[in-house]
Structures are given as C-alpha cells and as structure tokens.
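K.L.:
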Amino acid sequence: MIVTTTPSIEGHAIRDYRDYRGIVVGEVIVGVNLFRDLFASITDIVGGRSGKYENVLKRARDEALAEMEAEAAKVGANAIVGVDLDYEVVGDKGSMLMVSASGTAVIVE
Numbered sequence: 000m001i002v003t004t005t006p007s008i009e010g011h012a013i014r015d016y017r018d019y020r021g022i023v024v025g026e027v028i029v030g031v032n033l034f035r036d037l038f039a040s041i042t043d044i045v046g047g048r049s050g051k052y053e054n055v056l057k058r059a060r061d062e063a064l065a066e067m068e069a070e071a072a073k074v075g076a077n078a079i080v081g082v083d084l085d086y087e088v089v090g091d092k093g094s095m096l097m098v099s100a101s102g103t104a105v106i107v108e
C-alpha cells in the first residue's frame, strides 16, 4: 500500500473516476499514564525530550495509519493519497490523546 500526503504519486496514475474508492480514516485514542505524566513533567522542568510521550505518540500514529490502510484494502485500493494526520487531546483534564489519519483510497497503476 502506497501512502502519501501528496494528491498524486509520481510514476503512478489514477486513470479513471472509478479508481477513487472514497475517504478512509483510522482513529486511535490512547490514555496517558499518571506515572508517565509525572516523569514527563520532570523532564519539562529540567529540559530535554520526553521519550515516554514520544513513544506513545508514535504508537498511536502507527496504529491510526495501519487502521486507515486496512480500511483502504477493504474497498480494493492499493494506495492512499492526500493523507492528513491530526492530533487532539481529549478526555477530562486532557487525559487522552486522539490521533486521526484520513486520506482518499485509490487504485493506481
């Protein structure tokens, strides 16, 4: 499966309107652990990157993209163009992170 943020794929063609299979979405919501919050706040105070948050963010993004790709495969697509990734903090006191991936499922040659 080819996945790209661009509206087309160099070297591949979307030949016909029937090759557009519609919008596909993958959404993942992950909770943020209290201990991870504590260590992240310490990192914020002393400076540096928060590896724990980065790992959670990467996992959520990978899962959202995989879910979107699975949806595209279900409609017979072999590529997704125009992909957009969105990140939102949700839940009481911002206790959860939502990652949403969306794009247009297409068939390319």
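Its first residue numbered 0, the sequence shown is counted upward by one per residue in numbering that gives the first Met the number 0. The beta-carbon is built from N, C-alpha and C at its ideal position, and this holds for glycine as well. None of these values were measured; they are calculated from a predicted model.
#1: Once you ignore the five residues that flank residue 59 on each side, which residues in its own chain have a CB closer than 7 Å to its CB?
#2: Tell me the DSSP secondary structure of residue 95 in three-state form.
#3: Counting Cβ pairs, one atom from each stretch, are 3 or more of them under 8 Å apart for the stretch 88 to 95 and the stretch 3 to 22?
#4: With DSSP as the reference, identify every bridge partner of residue 7, one or two as the case may be.
#5: Are the CB atoms of residue 82 and residue 102 nearer to each other than 9 Å?
#6: Please list the terminal residues of the continuous beta strand (DSSP E) segment that includes residue 20.
#7: If you check the beta carbons only, do residue 55 and residue 77 fall under 9 Å apart?
P.N.:
Here's the rundown:
#1: So the qualifying residues of the chain are 27, 29, 96 and 98.
#2: Looking at residue 95 - three-state DSSP - the assignment turns out to be strand.
#3: With the cut-off at 8 Å, the stretch 88 to 95 and the stretch 3 to 22 do not touch.
#4: Per DSSP, none; premise fails for residue 7.
#5: yes
#6: 19 to 30
#7: no
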